[in-house]
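What follows is a set of notes on a single structure, which appears directly below.
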Amino acid sequence: MCVLCADKLETVDHLLVECVVTKYLFIPLLDDPHVSTSFEDVISVWEELAEKRSLGDSTKALTFVAATWWSIWRARNNIIFRNLPMNAISTAHGIRVLALEWTDFCQTG
648 MCVLCADKLE
658 TVDHLLVECV
668 VTKYLFIPLL
678 DDPHVSTSFE
688 DVISVWEELA
698 EKRSLGDSTK
708 ALTFVAATWW
718 SIWRARNNII
728 FRNLPMNAIS
738 TAHGIRVLAL
748 EWTDFCQTG
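So for the sequence shown, my numbering puts the first residue at 648; every next one is plus one.
Okay, here's the thing in structure tokens:
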């Protein structure tokens, strides 16, 4: 069972794409004109953004997706292994901070 929504069987695709909590965390990404809103699975998300990145369009979106997936995975593990609850609002804020830090680091080297 998914530890974030407690509603569906946890699979990689559910946890990182389909889960209602994940969809909430992806809301800022949906405002990006380079990003489709019809993601089916992890591979389709990454392939779509990587393809657009080769055109120079979606580096920011790829960084946001990576930060979101990393934060979801950490939150999941904190729930399972440390018995720490997830706060979706704090997680969303942390994703924005992490994505900005990664972007700044990559630009400055």
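Using N, Cα and C, we set each Cβ at its ideal position, and we do this for glycine too.
Asked: Indicate the three-state DSSP secondary structure (helix, strand or coil) for residue 750 in the structure shown.; Found: helix
Asked: Can you give me the C-alpha to C-alpha distance between residue 749 and residue 715, rounded to a whole angstrom?; Found: 12 Å
Asked: Quick one: is residue 752 buried, meaning 16 or more other Cβ sit within 10 Å of its Cβ, or exposed?; Found: exposed
Asked: For the alpha helix (DSSP H) that contains residue 715, what are its first and last residues?; Found: 706-729
Asked: Let me know if residue 731 comes out buried or exposed under the rule of 16 or more other beta-carbons within 10 Å of its beta-carbon.; Found: exposed
Asked: Suppose you measure from the CA of residue 709 to the CA of residue 698; what does that come to, to the nearest Å?; Found: 11 Å
Asked: In whole angstroms, what separates the C-alpha of residue 719 from that of residue 663?; Found: 7 Å
Asked: Rounding to the nearest angstrom, what Cα-Cα distance links residue 654 and residue 690 in this structure?; Found: 23 Å
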